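Student: Submitted below is the structure of interest, expressed as structure tokens.
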Amino acid sequence: ARGATPAAGGTRRGPRPPVPESPDPAPRPPGRRGYPGAMDYVSALVPPVVMAVFFIGVIRVIVKTQGGANKAKEDAAVDAVLARADGTRQGGAAADGG
Numbered sequence: 002a003r004g005a006t007p008a009a010g011g012t013r014r015g016p017r018p019p020v021p022e023s024p025d026p027a028p029r030p031p032g033r034r035g036y037p038g039a040m041d042y043v044s045a046l047v048p049p050v051v052m053a054v055f056f057i058g059v060i061r062v063i064v065k066t067q068g069g070a071n072k073a074k075e076d077a078a079v080d081a082v083l084a085r086a087d088g089t090r091q092g093g094a095a096a097d098g099g
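Letter by letter, the sequence shown follows residues 2 to 99 of this note's numbering.
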């Protein structure tokens with residue numbers, strides 16, 4: 002029959018097989034809690050420590066490269082760009098009548 006369901010008199014499959022029970026986990030010694038092995042702590046801490054070391058290295062490089070022989074040239078270039086941007090902004094405001 003088209004669209005037959007068990008309630009409408011259609012065919013019905015047999016009962017479902019029982020779900021097998023999961024085996025018990027391995028017993029732990031009574032005094033130990035948390036991770037079963039100490040190496041889990043080490044493997045959990047290695048990535049953040051490595052990232053922190055690299056981050057500190059990057060910060061040290063940035064701080065050490067500030068200044069130096071080209072500091073005056075770099076400062077002059079930044080001042081020129083800022084003055085040009087400020088002049089453009091003021092010139093645009095004057096042209097708008099503001």
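We put the beta carbon where it would ideally sit given N, CA and C, even for glycine.
Please read these numbers as outputs of a predicted model, since none were measured by experiment.
For residue 22, which three-state DSSP category applies?
Tutor: Reading the sequence shown from its first residue, position 21 is the one you call residue 22. In the structure shown, residue 22 sits in coil (DSSP, three-state: anything other than H, G, I, E or B).
Student: Does DSSP put residue 1 in a helix, in a strand, or in coil?
Tutor: The question about residue 1 has no answer here: the residues shown for the chain are numbered 2 through 99.
Student: According to DSSP, is residue 67 part of a helix, a strand, or is it coil?
Tutor: As a first step, residue 67 must be located in the sequence shown, where it is residue number 66. The answer is coil: DSSP assigns residue 67 none of H, G, I, E or B.
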